[in-house]
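One structure is given here, and the rest of the page talks about it.
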Amino acid sequence: MKTLIYIVVATFSIVRISAQEGSITIEQDPKINELLKVYTEVNSKAEYYQIQVGFGSFQKAQNLKTKVDLDFPGWYSKIEFESPTYRVRLGKFKTRLEAERKYLEVRKKYPDAMLLKPESSSR
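What follows is the structure, given as structure tokens:
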């Protein structure tokens, strides 16, 4: 039994002695932050196809968005207010083909869904 205790104590002592503390310093080119700002700005102005799943009061839109998030996990969804109602929109699709494929999928669950084209697009 004493031997076992000595082995355990010796093992912990060796582990403790061999443990090292250190720090990591990351040096980043300052232009990376500039590129991130440009990327964010471009993406915020980019126009996408979206699918409008439904609309109504704020409470109705919240309930619908919750259901949509469960039905299509991982898809971008949001509630937008356009007077006089709140609208639940799904997806950010860059191409019409991608949007139409997803639209067909969404219509199986939400037959009243509408495909929305980018506002100022001439596609």
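Heads up, the sequence shown is in the numbering used here, so the first residue is -14 and it goes up one at a time.
All residues carry an ideal CB built from backbone N, CA and C; glycine is no exception.
These figures come from a predicted structure and were not determined experimentally.
Reduced DSSP category for residue i - H, G, I as helix; E, B as strand; rest coil
| i | result |
| --- | --- |
| Y61 | coil |
| E12 | coil |
| E67 | strand |
Extent of the continuous alpha helix (DSSP H) run through residue i
| i | result |
| --- | --- |
| Y33 | Here Y33 belongs to no alpha helix (DSSP H), and DSSP marks it neither H nor E. |
| E104 | Neither: E104 is in no alpha helix (DSSP H) and is coded neither H nor E. |
| G88 | Checking the sequence, you will find Tyr at residue 88 rather than Gly. It spans R81 to K94 - the alpha helix (DSSP H) in which Y88 sits, taken as one unbroken run. |
Unbroken beta strand (DSSP E) run spanning residue i, endpoints
| i | result |
| --- | --- |
| V77 | Checking the sequence, you will find Lys at residue 77 rather than Val. Note, K77: beta strand (DSSP E), T70 to F78. |
| M99 | M99 to L101 |
Buried/exposed call for residue i, threshold 16 Cβ in 10 Å
| i | result |
| --- | --- |
| S68 | exposed |
| T51 | exposed |
| Y(-9) | exposed |
| F57 | buried |
| Y61 | exposed |
| K87 | buried |
| Y24 | exposed |
At a cut of 8 Å, does the segment 33 to 52 reach the segment 76 to 96 through at least three beta carbon pairs? yes
Kindly confirm or deny that the segment 90 to 107 and the segment 38 to 47 touch, where touching means at least three C-beta pairs closer than 8 Å. yes
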